[in-house]
Amino acid sequence: MSDRSYISGFIKNIKSNYIRMIVGAIISFASSIVYARGLGVELYGVYSFIMWFIAIMSNILGMGLSGTVTKFLPQYYFNNDIDESKILIINFIKKIYTIVGIICILLIFTIPIWENYLKINYNNIYFILLMSIICIIPTTLNGIYSNAIQALQRFDIFAKASIKTQIIIFIGSCIVIVINKNVLLIIFIVLLTTLFQNFIYYRELKKILGIESLFKIRNAKLKDKSSIIKYSFYMYINIIWQQIVWTRSEYFFLGIYTGQKGLAVYGLAYSLVNMINLIFSPIMNVLNNYFSEIVSKNNKELLNKILYTVTKYFIVLLILILCYGKLYSKDIISFIYSDRYSGVIDVFLILLTGLVINQILNVCGALPFYYEKQRFIVVLGILSGIINIVFDILLIPKYGVIGAALANTFSQSIFSINQFVYIKFVIKITFPLKELLLVIIVNLVSYFIINIFYSYTTLKIIFGMLFIPIIIIILEKLKIIKYKQLKQL
């Protein structure tokens, strides 16, 4: 396959994956409004904490297997080693059922400890924590299943399953909120839909790989067992510190120091930033799965070509997002979510800055793992996690949700900058450094101008209408973006 046709297929998959992003963004936005306004600050804080708890525990207990699937499954499947593909998936599913199941049973006995330390006042908190622990098993399995489906480049299946479950959760949650605002019932709906998603993914994997039963291959051993174990270990360490650096530790400390209100404000700001991240996640999902195949075939020229183009256009898009976020976030958030969530605005802008820095520098973030040069990245991640916890301890008790946002953004920036430098000089990947510096300058100038117009509503509207064409003209004159290049792709 030629580089051009390969890139065309890559872009085609990104376009199909954007269907999921568009629907997901709409549902997420609608859900945030329903939850924030319907549940109120106190109950929304409880909901935010429980969803964090399910997410972090499923990621930690997943043992890095979902990331390992992304690397090894394409290597086997696209080199026609179907039997090894089956063995890999079946081994991982069995491990999740046994190990995670046992740990979840033990976690149930820790519920009284959580109740004592958290500043959350809610009558059914014991049963909510119990339901969330039960949710951990299917959520962890979802990580394996969804990554496997994407690793096989079946993004259409992934998109359809994601959309279906999001719609079911949204409709079910709306009904519950209208009737009696019961967080326990909402978590129960999440559990049922996650099980439904498990069923869809596993059924499709059986069709693609020809798996007859989980129990048919009992004594089959992994061909690259030592490499897989080593890679899974690094992925596991990587995932653990990511749960600390990427917003996770903040929820824990906010639950101790601020209670439901702080959790609600931070949770809403994070969900809004996550919606913006949906613009990039379809690209990164496709990109990372293609990287695994490209690296296995040692096509460095194609890898550089994709990285250069994607990074450059990410930078341009992120300028617009950050500037428009600064211009209009205050008006939009106050209007939609009411003045009860006024503290969300500053937290949102701080977290958005962290997202921008991370996305610009992290297009190539998965490469050290595919080249098996991940040791430095893992050590760097651990140090960033420690720094994040130190910032949390210093800033959250004094500054609350603002301190949490600052701690998160500082940690992400420290990690992303160091990772970028490492990948540039060790793996020797080509990056648009000239464009990066020019865009930073344009961004700083734009931000300075926005601060002048920020307090004047009429000028903000006029500037917002003119900003995109002006920026596009400037960037084209600086030869950062080229329409002809997009058409060729």
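Here the sequence shown is numbered in this note's numbering, starting from 42 and rising by one per residue. For each residue, glycine too, the CB sits at the ideal point set by N, CA and C. Since this is a predicted model, take the numbers as computed values, not measurements.
(1) Mind the definition here: the segment 163 to 174 touches the segment 188 to 199 only if three or more C-beta pairs lie below 8 Å; say whether that holds.
(2) Applying the 10 Å Cβ sphere with the 16-neighbour rule, what's the burial state of Y243?
(3) My parser needs the beta strand (DSSP E) runs of 3 or more residues fully inside the segment 390 to 444; what are they?
(4) Does the Cβ of Y369 have 16 or more other Cβ atoms within 10 Å, making it buried, or fewer, making it exposed?
(5) Grab me the residues of W210's own chain with a C-beta within less than 7 Å of its C-beta, minus the 5 sequence neighbours each way, in chain order.
(6) Evaluate L182 with the Cβ neighbour count: other Cβ atoms within 10 Å of its Cβ, from every protein chain shown; 16 or more gives buried, anything less gives exposed.
(7) Cα-Cα, which of L170, F432 and I511 is closest to V87?
(8) Where I374 and V397 are concerned, what is the direct C-alpha to C-alpha distance, given to the nearest angstrom?
(9) Can you look up F119 in the DSSP assignment and give me helix, strand or coil?
(10) Distance check for Q207 and V467, CA to CA, integer angstroms please.
(11) Comparing C-alpha positions only, which one of L447, I423 and K469 sits nearest to L395?
(12) Excluding the 5 residues flanking I362 on each side, which residues of the same chain have their C-beta closer than 8 Å to its C-beta?
(13) Distance, Cα to Cα, I241 vs I493?
(14) Rounding to the nearest angstrom, what Cα-Cα distance links S107 and S69 in this structure?
(15) Hey, would you say V224 sits closer than 8 Å to A310, going by beta carbons?
(16) Does Q194 come out as helix, strand or coil in the three-state DSSP assignment?
(17) Run the CB neighbour count on P510, radius 10 Å, all protein chains shown included, and call it buried at 16 or more, exposed below.
(18) Pop quiz: Y298 and I437 are said to be a contact at Cβ under 8 Å. What is the actual Cβ separation, rounded to whole angstroms?
(19) Kindly indicate the opening and closing residues of the alpha helix (DSSP H) around G366.
(20) Short of 6 Å in beta carbon distance, which residues of its chain neighbour A66, apart from the five on each side in sequence? Order them along the chain.
(21) Are there three or more Cβ pairs, one per stretch, closer than 8 Å when the segment 82 to 102 is compared with the segment 291 to 306?
(22) Going along the chain, which residues of its own chain have a beta-carbon closer than 7 Å to the beta-carbon of Y118, five neighbours each way excluded?
(23) Rounding to the nearest angstrom, what Cα-Cα distance links P409 and S425 in this structure?
(24) Around the Cβ of S267, are there at least 16 other Cβ atoms within 10 angstroms (buried) or fewer (exposed)?
(25) Quick one, are the C-beta atoms of N399 and S457 less than 8 Å apart?
(26) If I follow the unbroken alpha helix (DSSP H) through N164, where does it start and stop?
Result, derived from the coordinates:
(1) Output reads no: the segment 188 to 199 does not touch the segment 163 to 174.
(2) Against the sequence shown, residue 243 aligns to sequence position 202. So Y243 counts as buried.
(3) Taken in chain order, the whole beta strand (DSSP E) runs of length 3 or more contained in the segment 390 to 444 number zero.
(4) Start at 1 with the first residue of the sequence shown, and residue 369 comes out as number 328. Of the other Cβ atoms in all chains shown, fewer than 16 fall within 10 Å of the Cβ of Y369; this residue is therefore exposed.
(5) Here residue 210 corresponds to residue number 169 of the sequence shown, with the count starting at 1. The question names Trp, but residue 210 in the sequence shown is Ile. Within the same chain, and ignoring the five residues on either side of I210 in sequence, the residues whose Cβ sits closer than 7 Å to its Cβ are I230, V231 and T234.
(6) Residue 182 sits at position 141 when you count from the first residue of the sequence shown. Per the 10 Å Cβ criterion, buried.
(7) Mapped onto the sequence shown, residue 87 falls at position 46. Distance from the Cα of V87 is smallest, within the candidate group L170, F432 and I511, for L170.
(8) Translated into positions along the sequence shown, residue 374 becomes position 333. Translated into positions along the sequence shown, residue 397 becomes position 356. Straight-line Cα distance between these residues: approximately 20 Å.
(9) As a first step, residue 119 is located in the sequence shown; it is residue number 78 there, counting from the start. Assigned with DSSP and collapsed to three states, F119 falls in coil, not helix or strand.
(10) Within the sequence shown, numbered from 1, the residue matching residue 467 stands at position 426. Within the sequence shown, numbered from 1, the residue matching residue 207 stands at position 166. Their Cα atoms are separated by approximately 41 Å.
(11) Your numbering for residue 395 matches position 354 in the sequence shown. With the sequence shown as reference, residue 395 is identified as Gly, and Leu is not the correct amino acid for it. The candidate whose alpha carbon is nearest that of G395 is L447.
(12) Locating residue 362 in the sequence shown gives position 321, where the first residue counts as 1. Here I362 has I317, I320, L393 and V397 as same chain residues with Cβ atoms under 8 Å from its own Cβ, once five neighbours each way along the sequence are excluded.
(13) Sequence index remark: in the sequence shown, residue 241 carries index 200 (1-based). Sequence index remark: in the sequence shown, residue 493 carries index 452 (1-based). Cα to Cα, the separation comes out at about 52 Å.
(14) Counting from 1 along the sequence shown, the entry for residue 107 is found at position 66. Counting from 1 along the sequence shown, the entry for residue 69 is found at position 28. Distance between the alpha carbons of S107 and S69 is about 24 Å.
(15) Here the question's residue 224 lines up with position 183 in the sequence shown. Here the question's residue 310 lines up with position 269 in the sequence shown. Cβ distance not < 8 Å, so V224 and A310 don't count as in contact.
(16) Indexing the sequence shown from 1 puts residue 194 at position 153. In this structure, Q194 counts as coil in the three-state DSSP scheme.
(17) Looking up residue 510 in the sequence shown gives position 469. In the assembly as shown, P510 is an exposed residue. Its beta-carbon has fewer than 16 other beta-carbons within 10 Å.
(18) Walking along the sequence shown from the start, residue 298 turns up at place 257. Walking along the sequence shown from the start, residue 437 turns up at place 396. Contact holds; Cβ gap of about 5 Å.
(19) Numbered from its first residue, the sequence shown carries residue 366 at position 325. Run containing G366: K341 to Y378, per the alpha helix (DSSP H) assignment.
(20) Residue mapping note: residue 66 aligns to position 25 of the sequence shown, counting from 1. Counting only Cβ-Cβ distances below 6 Å, and skipping sequence neighbours, we find M316 and L319.
(21) Short answer: they touch.
(22) Position 77 of the sequence shown, counted from the first residue, corresponds to residue 118. The residues S126 and L193, in chain order, have a CB closer than 7 Å to that of Y118 in the same chain once the five nearest residues on each side in sequence are set aside.
(23) Taking the sequence shown and counting its residues from 1, the one referred to as residue 409 is at position 368. Taking the sequence shown and counting its residues from 1, the one referred to as residue 425 is at position 384. Computed Cα separation, rounded: 17 Å.
(24) Stepping through the sequence shown from its first residue, residue 267 is reached at position 226. Under a 10 Å Cβ-count criterion, S267 is classified as exposed, with fewer than 16 other Cβ atoms of the shown protein chains found around its own Cβ.
(25) Here residue 399 refers to the residue found at position 358 when the sequence shown is read from its first residue. Here residue 457 refers to the residue found at position 416 when the sequence shown is read from its first residue. In this structure, N399 places its C-beta atom within 8 Å of the C-beta atom of S457.
(26) Within the sequence shown, numbered from 1, the residue matching residue 164 stands at position 123. Counted as a single uninterrupted DSSP element, the stretch harbouring N164 is not any alpha helix (DSSP H), since DSSP gives it neither H nor E.
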